[in-house]
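Heads up: the protein sequence lines correspond to chains V and P, in order.
If you read the first sequence in my numbering, its first letter stands for residue 1357, the second for the next number, and so on.
If you read the second sequence in my numbering, its first letter stands for residue 1357, the second for the next number, and so on.
A short write-up of the structure that comes next.
Number of protein chains: 2
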Amino acid sequence: MADASTAKRRGRPDSATGHALLDATERVLRAEGYGAATSRRVAQEAGVKQQLLFYYFDSMDEMLLAAFQRRTQRGLARLQQDLASARPLRALWEDYSRAVDPKLTFEYMALANHHAGIRREVATFIRRTRRLQAERIAAVYRARGMSEAPVSPAAAAFLIGCVSLLLGREAGSGINTGHREVRRLVQWCLKQVE
Amino acid sequence: MADASTAKRRGRPDSATGHALLDATERVLRAEGYGAATSRRVAQEAGVKQQLLFYYFDSMDEMLLAAFQRRTQRGLARLQQDLASARPLRALWEDYSRAVDPKLTFEYMALANHHAGIRREVATFIRRTRRLQAERIAAVYRARGMSEAPVSPAAAAFLIGCVSLLLGREAGSGINTGHREVRRLVQWCLKQVE
DNA sequence: GTCTATACACCGATAGAC
DNA sequence: GTCTATCGGTGTATAGAC
């Protein structure tokens, strides 16, 4: 099965063209949605012939998964940096509010609904990041002597991701009802732990 | 332009077949995603011929919009009931946690990314519901003499929708990390205003 | 590694009979 | 209101030359 001689001859996805295809995929996902992420459209966006895509990836499903995996790897690296901060809660909030693209995230989440590989990847990514965040936040609480905080570390981790994502998504659609109040609440909470 | 003689002859979407098509659309969206919501697939699911769909709707885009509009109308009716409760915050939380389908919601949100009609409908729906919720919550705060609550009415309205949606989505993917803590926090908050 | 050529299914949508 | 027939376009994917 893993025999190289019977396997389909195939280029490495981590080559220049491979990355160009993944970049093109995300541009298309962002601008036109996963329904438009076809081999023709993505190849055109990357400036290569449609059929070449199948030299780098066995199928469209595999390419979408590869694009998402590259994204979670980068997300994990950024998370490590945020958690290394002296104010990890504030660092997480500001990083998520700035660097996470809600449109792309929602596209991947919808994709996960009916793409088993992406669904699995989403699940392991969320479990891992939330656990790392909760541990770091718990350390902050201990350092401040806040063992009885109403917002537990795991809840804080969930809320930061959840609120920043939805706030960003709505803002991107021109919806701002109540956002001022939510941001004020977040800042108030962040101050409580600093 | 609105001249009936020049307009395409067309059946009323609020007929038995029209609703059957909208029901079929949502089943397909839920199970296979908007990429699978094609005229052939939806018609098959509704048990009618593919071409009949275009007798009820001018285009696929229009049909998807009609399906979403029917959904927001029902959502608004349910909201009115929730707000009529003596404990509107708890009613909202429980209704949203039970009756909102996260999979379908995310599919529509991704769809809104590149479907102008749905994007507009989402925006007006969210603005309207959040305003109604915030007004009702403000009345509860006043009745309890909680004018200085850290969680303002608009922020509470945002958080209930935001948290219940993401919690439901994750749970549907088998992710539960931190959920217990979040639910406990929500219950604690609800008790504060009762 | 990139190209051309190509197979074959499915897409949205229209025309017109009944 | 539902049917059959059909159009041109696009989808994934493979074979094989260079």
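Glycine is no exception: its CB is placed at the ideal position from the N, C-alpha and C atoms.
This one's a predicted model, so the numbers in the text were calculated from it and none came from an experiment.
Where residue i sits in the DSSP three-state scheme
{"i": "HIS1471 of chain P", "result": "coil"}
{"i": "SER1395 of chain P", "result": "helix"}
{"i": "GLU1477 of chain P", "result": "helix"}
{"i": "PRO1458 of chain P", "result": "helix"}
{"i": "PRO1509 of chain V", "result": "helix"}
{"i": "THR1533 of chain V", "result": "coil"}
{"i": "MET1502 of chain V", "result": "coil"}
{"i": "GLU1526 of chain V", "result": "helix"}
{"i": "VAL1519 of chain P", "result": "helix"}
{"i": "GLU1550 of chain V", "result": "coil"}
{"i": "LYS1368 of chain P", "result": "In the sequence under discussion, the amino acid at residue 1368 of chain P is Arg, which differs from the Lys named in the question. Note: ARG1368 of chain P maps to coil in three-state DSSP."}
Proximity below 8 Å, CB of residue i to CB of residue j
{"i": "VAL1496 of chain V", "j": "LEU1445 of chain V", "result": "yes"}
{"i": "GLY1517 of chain P", "j": "TYR1452 of chain P", "result": "yes"}
{"i": "ALA1392 of chain V", "j": "THR1381 of chain V", "result": "no"}
{"i": "VAL1330 of chain V", "j": "VAL1549 of chain V", "result": "In this structure chain V extends from 1357 to 1550, so residue 1330 of chain V is not present and cannot be described."}
{"i": "LEU1546 of chain P", "j": "GLN1489 of chain P", "result": "no"}
{"i": "ALA1527 of chain P", "j": "PRO1509 of chain P", "result": "no"}
{"i": "ALA1455 of chain V", "j": "ARG1475 of chain V", "result": "no"}
{"i": "LEU1439 of chain V", "j": "ARG1492 of chain V", "result": "yes"}
{"i": "LEU1409 of chain P", "j": "ALA1399 of chain P", "result": "yes"}
{"i": "PHE1397 of chain P", "j": "ASP1457 of chain P", "result": "First, the amino acid is wrong: residue 1397 of chain P is Arg here, not Phe. For ARG1397 of chain P and ASP1457 of chain P, no; Cβs fall outside 8 Å."}
{"i": "TRP1544 of chain P", "j": "PRO1369 of chain V", "result": "no"}
{"i": "LEU1522 of chain P", "j": "LEU1467 of chain P", "result": "no"}
Q: Spell out a yes or no on whether the region 1499-1517 of chain P and the region 1528-1537 of chain V are touching, meaning 3 or more CB-CB pairs, one atom from each, closer than 8 Å.
A: yes
Q.
Using a Cβ distance threshold of 8 Å, determine whether the region 1484-1493 of chain V contacts the region 1425-1439 of chain V, with at least three qualifying pairs required.
A. yes
Q) Name the residues in the region 1494-1507 of chain V whose C-beta lies less than 7 Å from a C-beta of chain P; which are they? A) PRO1506 and VAL1507
Q.
To be precise: take each residue of the region 1418-1438 of chain V, compare its Cβ to all Cβ atoms of chain P, and keep it if any distance is under 7 Å. Which residues remain?
A. none
Q.
Beta carbons nearer than 7 Å to chain P: which residues of the region 1470-1481 of chain V have them?
A. HIS1470, ARG1475, VAL1478 and ALA1479
(Q) Counting beta carbon pairs with one atom in the region 1462-1477 of chain V and one in the region 1491-1509 of chain P, are three or more of them shorter than 8 Å? (A) no
Q: At 4 residues or longer, and completely inside the region 1375-1452 of chain P: list those alpha helix (DSSP H) runs for me, N to C.
A: 1395-1402, 1409-1412 and 1416-1440
Q. Do the region 1394-1406 of chain V and the region 1455-1462 of chain V make contact, defined as three or more Cβ pairs closer than 8 Å?
A. no
Q. Does the region 1373-1389 of chain P come within contact of the region 1406-1421 of chain P, defined as at least 3 CB pairs closer than 8 Å?
A. yes
(Q) Can you pull out the residues from the region 1453-1465 of chain P whose beta carbon lies closer than 7 Å to at least one beta carbon of chain V? (A) LYS1459, PHE1462, GLU1463 and MET1465
Q) Which residues, taken in chain order from the region 1531-1550 of chain P, show a beta carbon closer than 7 Å to some beta carbon of chain V? A) ILE1531, THR1533, GLY1534, GLU1537, VAL1538, LEU1541 and TRP1544
Q. According to a CB-to-CB cut-off of less than 7 Å, which residues of the region 1386-1400 of chain V neighbour chain P?
A. GLU1388, GLY1389, TYR1390 and GLY1391
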